[in-house]
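Asker: I am attaching a structure below and will ask some questions about it afterwards.
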Amino acid sequence: MSAEPLETESEQAETEDEAQLFTAELIGTLILIFFGVGSAVLAGEFVGSFGIALAFGFTLLLLAFIIGPVSGSHLNPVVSLAMFLSGRMTFRRTVIYWLAQFIGAIAGAALLFLVARQVPGLRTSQAFGTNGFGYRSAVGLSTFGAIVAEVMLTFLLVFVFLSVTHKVTLVPLAALPLGLTLAAVHLVGIPLTGTSVNPARSFAPAIFAGGQPWAQMWLFFVAPIAGALLAVLVRYLIHPHGERLFPGLATLSAGSAKGGTAGTAGTTESGGAGPRDS
């Protein structure tokens, strides 16, 4: 008879923990979009590509220090996907992260849109910091070139994230390499595609830009997902640490067979640049 209250308390604690993670990822993604994309929309002509890259990098660095101890500071659906596939998060918690990241990105883009509309002569239609290729690329990058670029840029970002936050190879001040990597990725990617490496980052501004960005949106989902998968595979080959390849898929299959969403025993579910690293 005493087991029931304990189970209820455990479920309540888990719900509160998930609410905390959801809030942290939502606020973090909101801030990343507002300041990162905002640097391109509001200050791009003044700071140039270098300044935009620094804005994204420094924002991620600071957020990793601030919310890393809470949620791991993923702020990117493909980072959370990679953490799930690596067996560091349950599927249930991954979905919670995805919802928080997309909602946060949309909220950040909405706030940025409100500010941008108050700037006389600032064009938001069809642009608004969105990503693109072909005629929407600064260098006219082809579709194939954009796919390769986004796959490789995302691969580097996710590979670094998985490497510096693993419990065996945990890097002190992991926020620093993460911020530097995002800045480097933007330095290379801005002239090519505007740099996505994050489906939520591409999706949210396009809502307010409308029109042309939607025709190319598929690439900024497909390529980052492919880059994340490649990062998980390469990290497994280089730093196996006794892990299985894509253990998250195995736990998902096992959970489905039992009618639930199984996790990976012995791993923390947030993972990232803070004490919750796994």
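Residues 1 to 278, numbered by full-length UniProt numbering, are exactly what the sequence shown covers, in order. For each residue, glycine too, the CB sits at the ideal point set by N, CA and C.
1. Would you list, in sequence order, the uninterrupted alpha helix (DSSP H) runs of no fewer than 4 residues that lie entirely inside the region 121-166?
2. Determine the closest residue to F22 out of L63, T94 and V79, with distance taken between C-alpha atoms.
3. Where do the ends of the alpha helix (DSSP H) carrying residue 301 lie?
4. Flag this pair as yes or no: are the beta carbons of A175 and G72 separated by less than 8 Å?
5. Leaving out the 5 sequence neighbours to the left and right, which residues in its chain are closer than 7 Å to T193 when beta-carbon positions are compared?
6. Please confirm whether any heavy atom of the ligand COA lies closer than 7 Å to the CB of L141.
7. Are A127 and R201 closer than 8 Å when you measure CB to CB?
8. Please state the DSSP three-state secondary structure of I96.
9. Can you tell me whether G68 is helix, strand or coil according to DSSP?
10. Provide the residue span of the alpha helix (DSSP H) that contains L187, from first to last.
11. In whole angstroms, give me the CA-to-CA distance for A19 and I66.
12. Candidates V158, R88 and F113: which alpha carbon is nearest residue 284's?
13. In angstroms, rounded to a whole number, what distance separates the CA positions of T15 and L42?
14. Ordered along the chain, which non-local residues of its own chain (more than five positions away) have a Cβ less than 6 Å from that of F56?
15. What does the alpha-carbon distance come out to for the pair I52 and G129?
16. Taking the C-alpha atoms as reference points, what is the distance between E45 and R92?
17. Take L230 and list the residues in its own chain whose beta-carbon comes closer than 7 Å to its own, dropping the five residues that flank it on each side.
18. Shortest alpha-carbon distance to G179 belongs to which of R123, S39, G48 and L63?
19. I'd like the list of long-range same chain contacts for F58, defined as Cβ closer than 7 Å, with 5 residues on each side in sequence excluded.
20. Starting from the Cα of V232, find the closest Cα among F208, M83 and M217 and give me that residue.
21. Beta carbon of F34, beta carbon of L162: below 8 Å?
22. For S80, which of helix, strand or coil comes out of DSSP?
23. Taking only beta-carbon atoms, is Q216 less than 8 Å away from chain B?
24. Please name the residue, chosen from W218, S39 and A107, that lies closest to E25 on a Cα-to-Cα basis.
25. Nearest-angstrom Cα distance between I207 and Y97?
26. Can you give the beta carbon distance from L99 to T29, rounded, assuming they're within the 8 Å contact cut?
27. Alpha carbon to alpha carbon, how far is A209 from A116?
Answerer: Working from what's here:
1. Counting whole runs of 4 or more residues, the region 121-166 contains the alpha helix (DSSP H) stretches 143-164.
2. That would be T94, whose Cα lies nearest to the Cα of F22.
3. Outside the displayed range of the chain (1 to 278) lies residue 301, so it cannot be described from this structure.
4. Cβ distance not < 8 Å, so A175 and G72 don't count as in contact.
5. For T193, same chain residues with a beta-carbon under 7 Å away, outside a window of 5 residues either side, are N131, G132, F133, S137, L141, A146, A149 and E150 in chain order.
6. Of ligands this structure carries none, so the ligand COA is not represented either.
7. In this structure, the beta-carbon distance from A127 to R201 does not fall below 8 Å.
8. The three-state secondary structure of I96, taken from DSSP, is helix.
9. The answer is helix: DSSP assigns G68 an H, G or I state.
10. Its alpha helix (DSSP H) spans residues A175 to G189.
11. Computed Cα separation, rounded: 17 Å.
12. Beyond the ends of the chain as shown, which are 1 and 278, falls residue 284; an answer cannot be given.
13. Distance between the alpha carbons of T15 and L42 is about 39 Å.
14. If you ignore the 5 residues before and after F56, its C-beta comes within less than 6 Å of the C-beta of G36, L182 and H186, all in its own chain and listed in chain order.
15. Between I52 and G129, the C-alpha separation is close to 11 Å.
16. Rounded to the nearest angstrom, the gap between the Cα atoms of E45 and R92 is 42 Å.
17. So the qualifying residues of the chain are V151 and F155.
18. Just measuring C-alpha positions, the residue of R123, S39, G48 and L63 sitting nearest G179 is L63.
19. Within the same chain, F58 has close Cβ partners G179.
20. If we check each option's Cα against that of V232, M83 comes out closest.
21. Contact: no.
22. It is helical.
23. The structure shown contains no chain B; it holds only a single protein chain.
24. The option with the nearest alpha carbon to E25 is A107.
25. Straight through space, the alpha carbons of Y97 and I207 are spaced by roughly 20 Å.
26. About 11 Å; that fails the 8 Å criterion.
27. C-alpha of A209 to C-alpha of A116: approximately 12 Å in a straight line.
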